[in-house]
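Asks: Sharing a structure here in structure tokens format.
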Amino acid sequence: MGLPFNLSEYLITDDLTILLALIAATVFLLNNLYKPQPLVHPILLGRQSDAGRARNPKESAVYRNYGTGLLGRFPIRPSKEVYILADLVKQESEAPRTLWSTKITNTHLQDRVASLGTGLLRLARLQPNESNVLLLLNDSLEFIVADMALASHCIPSFTLASSNLLSSVLESHPPSAIITHAFLLSQILELIYDAGEKTGHHTIIVVGEPSSQAMASVASNVKVLKFSEVEREGFKVEKVISPLPKPSDIFTVSFFEGEGGQLQSAQLTHENITAGVTATRSLLPLSHTPSPLDTILSTHSLSTPYGRAIAYTAIYEGTSFATQRSSELYHIDDQQNPSDGSDIITGKRYPIPAPTILFIKPQHLNYLVSEILKQASKSWLLFPIAWRHKLAGIADGFLTKDSLWDRLVFDNARAKVMGDGAAALRAIIVSGGAIDAEKMTPSRIALSVPLVNTFIHPLVAGPVLASHAFDLQDFPAVTNDVLPSPAAHCGPPSVNVEAKLVGVDDELVENGADPSGALLVRGPSVARLVSVEDYVDVQPEGDKDGWIIMGVRAKVQTNGSFQVLSQI
1 MGLPFNLSEY
11 LITDDLTILL
21 ALIAATVFLL
31 NNLYKPQPLV
41 HPILLGRQSD
51 AGRARNPKES
61 AVYRNYGTGL
71 LGRFPIRPSK
81 EVYILADLVK
91 QESEAPRTLW
101 STKITNTHLQ
111 DRVASLGTGL
121 LRLARLQPNE
131 SNVLLLLNDS
141 LEFIVADMAL
151 ASHCIPSFTL
161 ASSNLLSSVL
171 ESHPPSAIIT
181 HAFLLSQILE
191 LIYDAGEKTG
201 HHTIIVVGEP
211 SSQAMASVAS
221 NVKVLKFSEV
231 EREGFKVEKV
241 ISPLPKPSDI
251 FTVSFFEGEG
261 GQLQSAQLTH
271 ENITAGVTAT
281 RSLLPLSHTP
291 SPLDTILSTH
301 SLSTPYGRAI
311 AYTAIYEGTS
321 FATQRSSELY
331 HIDDQQNPSD
341 GSDIITGKRY
351 PIPAPTILFI
361 KPQHLNYLVS
371 EILKQASKSW
381 LLFPIAWRHK
391 LAGIADGFLT
401 KDSLWDRLVF
411 DNARAKVMGD
421 GAAALRAIIV
431 SGGAIDAEKM
441 TPSRIALSVP
451 LVNTFIHPLV
461 AGPVLASHAF
471 DLQDFPAVTN
481 DVLPSPAAHC
491 GPPSVNVEAK
501 LVGVDDELVE
511 NGADPSGALL
521 VRGPSVARLV
531 SVEDYVDVQP
541 EGDKDGWIIM
551 GVRAKVQTNG
561 SFQVLSQI
């Protein structure tokens, strides 16, 4: 039986039809072949923490980083040869790098540490395992040299998270000696004299040249030494070698202000700081870890455990390192640092190579992003198109600063804001405050490098929580005047920290809601909290089996990432 119509009439094509079909096929293939692939598999972002199978009433399960696992051992050393602070200086590495203003090799650094340690024992009469030294220093090479020299002779160093704590620390736990800047000598002498300790003997080692006026006010019971002279004394004689400290020995005590305004301190052991370096290195994927070719710039003070972990990570990796002005705690004539984050782009303070990795605070990120987008928007014709293409790439889990739209729009904007070093930048780690979730995507578009959001605490060396460097997900939330934009998530626990929440609503959790409550953590990078008044361990409410309260309320999202909600 024949067909009611002639099929051949419907298959007749002309040249235009064939051309359009070829064009459509070509566009389809190009779209699929050249579509950017996600930088990390979505499955990894869907399960960022491993949760315990059981939980206690009013508590969440215990969470660990997915890379560590529930049964995995916490990494506490960046390599098997590192046990104490001194081991972070690799003897086999001879390439020079720049630390602040000084180009130095590891061998020279070790020589300076040994010389200063010997000089402190000879001139300042410090005693291993008995003395302690207050480091009133801004971030500098002298801080690192002094810190390592004291640790090598089992002499704990004291540091302050804020300059406002100085008088309280001097009254509650006076040190055997003080190492400080020359411009602070007059202020320290006034505090000593006001304390009425006329019979006590004080030793002050100053970095720099003290003024004649300050030296004239030095009482007979105060001994003032120059840092350079102490180091020179140790260089001239045979080095004094003390027994090696154990990983469990305390090498520093960091004083900070607690939630209630009371003075508290964190006792950090050598193991705490090596674990902190291990966690800091893990902030970037293995293919992006720091190398001697990098330069790290930090805005976190070395007087805090996190800031010190960053610095010693740079020491261990052999990278150049410096800090910005906002990390300074002590100033001449009460000159304060800018609070808007503008110091991150005020030009080079030190002769270091262009920074490749930034450890900054939220205000620095906000300033950078706003300035870059302000410059980019001046290309009024290309900017909207470039924005849409960059946004589409982020939606697909892909990010690069080598695209056509970067070359046409964003590269020039970054160079105007950050200078010639904008091209060298390859990663940014943000710590020390909350970032609005709605600002994360604009930040990634403006900077186009991996952006890690972390949560830190004065008791933890290294990050507590840290987002994945390639987690580009955006979860928009409904906001209004009553409900402002929520904070961006801080990712899962660090590689050597486990976390849980207490005070959760069991009924909501059983019905499938995300648990929320007070955040508690423990792990090898978590220091011991000590009461300054009686110098004994503090056991806050809810602290059991080594768990330490972080002082914030948090929520665990479905994919295992944590979102800090508020202070307690």
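Going by the UniProt record's numbering, the residue at position 300 of the sequence shown is 300; the numbering climbs one at a time, nothing skipped.
For glycine and all other residues, C-beta sits at the position ideal for the given N, C-alpha and C.
Are the Cβ atoms of Leu123 and Leu225 separated by less than 7 Å?
Replies: Contact flag set, yes.
Asks: Is it right to say Glu271 is buried, meaning 16 or more other beta carbons lie within 10 angstroms of its own, or is it exposed?
Replies: Flag for Glu271 reads buried.
Asks: Quick check on Phe383: buried or exposed, where buried means 16 or more other Cβ atoms within 10 Å of its Cβ?
Replies: With 16 or more Cβ atoms within 10 Å of its Cβ, Phe383 is classed as buried.
Asks: By Cβ distance, which residues of its chain are closer than 6 Å to Asp343, with the 5 residues on each side in sequence left out?
Replies: Result list for Asp343: Gln324, Arg325 and Ser326, in chain order.
Asks: For Pro493, which residues does DSSP report across the bridge?
Replies: In DSSP, Pro493 forms a bridge with Leu465.
Asks: Could you check the C-alpha separation between Leu283 and Asp50 for me, to the nearest Å?
Replies: So the alpha carbons of these two residues sit roughly 18 Å apart.
Asks: Measuring straight from C-alpha to C-alpha, what distance separates Gly393 and Glu317?
Replies: Rounded to the nearest angstrom, the two C-alpha atoms are 32 Å apart.
Asks: Among Ala177, Leu373 and Arg414, whose alpha-carbon lies nearest the alpha-carbon of Ile204?
Replies: Looking at the Cα atoms, Ala177 is the closest of the given residues.
Asks: Less than 7 Å between the beta carbons of Glu92 and Thr105, yes or no?
Replies: It is not a contact, given that the beta carbons lie outside the stated cut-off.
Asks: May I have the straight-line CA-CA distance separating Lys236 from Leu185, to the nearest angstrom?
Replies: One C-alpha to the other measures close to 27 Å.
Asks: If you pair each beta-carbon of the region 303-311 with each one of the region 158-168, do three or more pairs fall below 8 Å?
Replies: With a cut-off of 8 Å, the region 158-168 and the region 303-311 count as touching, because enough Cβ pairs lie within range.
Asks: Whose C-beta lies closer than 7 Å to the C-beta of Gln267 among residues of the same chain, with five residues either side of it excluded?
Replies: Cβ within range, chain order: Ile250, Val253, Ala527, Arg528 and Val530.
Asks: State the CB to CB distance for the pair Gly397 and Leu39, rounded to an integer number of angstroms; the pair is presumed to be in contact (CB under 8 Å).
Replies: Right, their Cβ atoms sit about 6 Å apart.
Asks: Just how far apart, CA to CA, sit Asp15 and Ile23?
Replies: Computed Cα separation, rounded: 12 Å.
Asks: Would Gly234 and Thr118 qualify as a contact pair, given that the criterion is a beta-carbon distance under 7 Å?
Replies: Yes.
Asks: For the region 427-441 and the region 402-414, state whether three or more C-beta atom pairs, one from each stretch, are separated by less than 8 Å.
Replies: No contact exists between the region 427-441 and the region 402-414.
Asks: Can the beta-carbon of Ala146 be found less than 7 Å from the beta-carbon of Ile192?
Replies: Not in contact: Ala146 and Ile192 (Cβ atoms no closer than 7 Å).
Asks: Please classify Lys374: is it buried, with 16 or more other beta-carbons within 10 angstroms of its beta-carbon, or exposed?
Replies: Exposed, since its Cβ has fewer than 16 Cβ neighbours within 10 Å.
Asks: Using only alpha-carbon positions, find the residue among Val556, Pro243 and Arg47 that is nearest to Ala513.
Replies: Residue Val556 is the option with its Cα nearest to Ala513.
Asks: Helix, strand or coil: which one does DSSP assign to Leu366?
Replies: The amino acid occupying residue 366 in the given sequence is Asn; Leu does not appear at that position. In this structure, Asn366 counts as helix in the three-state DSSP scheme.
Asks: Mind pulling the beta strand (DSSP E) runs of 3 or more residues that sit fully within the region 95-182?
Replies: Complete beta strand (DSSP E) runs here, min 3: 97-99, 102-104, 133-136, 157-160 and 177-181.
Asks: Which residues in the same chain have their Cβ closer than 7 Å to the Cβ of Arg522, if we skip the five residues on either side of it in sequence?
Replies: Excluding sequence neighbours, Arg522 sits near Glu498, Gly546, Trp547 and Ile548.
Asks: Roughly how many angstroms separate the alpha carbons of Ile155 and Ser242, rounded to a whole number?
Replies: Distance between the alpha carbons of Ile155 and Ser242: 11 Å.
Asks: What does the alpha-carbon distance come out to for the pair Leu52 and Leu358?
Replies: What sits at residue 52 in the sequence shown is Gly, not Leu. Taking the straight line joining both Cα atoms gives about 34 Å.
Asks: Are the beta-carbon atoms of Val504 and Pro515 separated by less than 7 Å?
Replies: In this structure, Pro515 lies closer than 7 Å to Val504 by Cβ.
Asks: For Val449, which of Ala437, Asp436, Arg426 and Pro442 has the nearest alpha-carbon?
Replies: The shortest Cα separation from Val449 among Ala437, Asp436, Arg426 and Pro442 belongs to Arg426.
Asks: With which residues is Asp436 paired in a DSSP beta bridge?
Replies: Asp436 is bridged to Ala487.
Asks: Measure the alpha-carbon distance for Leu377 versus Ser339 and round it to whole angstroms.
Replies: Per the sequence shown, the amino acid found at residue 377 is Ser instead of Leu. If you take the alpha carbons of Ser377 and Ser339, they lie about 25 Å apart.
Asks: Mind checking who Ile429 pairs with in its DSSP beta bridge?
Replies: In the DSSP output, where bridge partners are listed per residue, Ile429 has Phe359 and Val452.
Asks: Pick from Pro486, Ala466 and Pro458: whose alpha carbon is nearest that of Asp436?
Replies: Closest option to Asp436, Cα to Cα, is Pro486.
Asks: Name the two residues that bound the continuous beta strand (DSSP E) containing Ile192.
Replies: That residue, Ile192, is in no beta strand (DSSP E); its alpha helix (DSSP H) goes Leu185 to Asp194.
Asks: Glu507 by DSSP, collapsed to three states: which one?
Replies: Reduced to three states, the DSSP call for Glu507 is helix.
Asks: Tell me which same chain residues have a C-beta within less than 7 Å of the C-beta of Gly421, skipping the five on either side of it?
Replies: Here the set comprises Ala354 and Pro355.
Asks: Specify the secondary structure class of Asp514 as computed by DSSP and reduced to three states.
Replies: Looking at Asp514 - three-state DSSP - the assignment turns out to be coil, as it is neither helix nor strand.
Asks: Check the C-beta distance from Val206 over to Phe227 and give it rounded, since I have them as a contact under 8 Å.
Replies: About 6 Å separates the two Cβ atoms, so the contact holds.
Asks: Rounded to whole angstroms, what's the CA-CA distance from Ala554 to Gly69? Just pull it up for me.
Replies: Looking at the two C-alpha atoms, the distance is approximately 21 Å.
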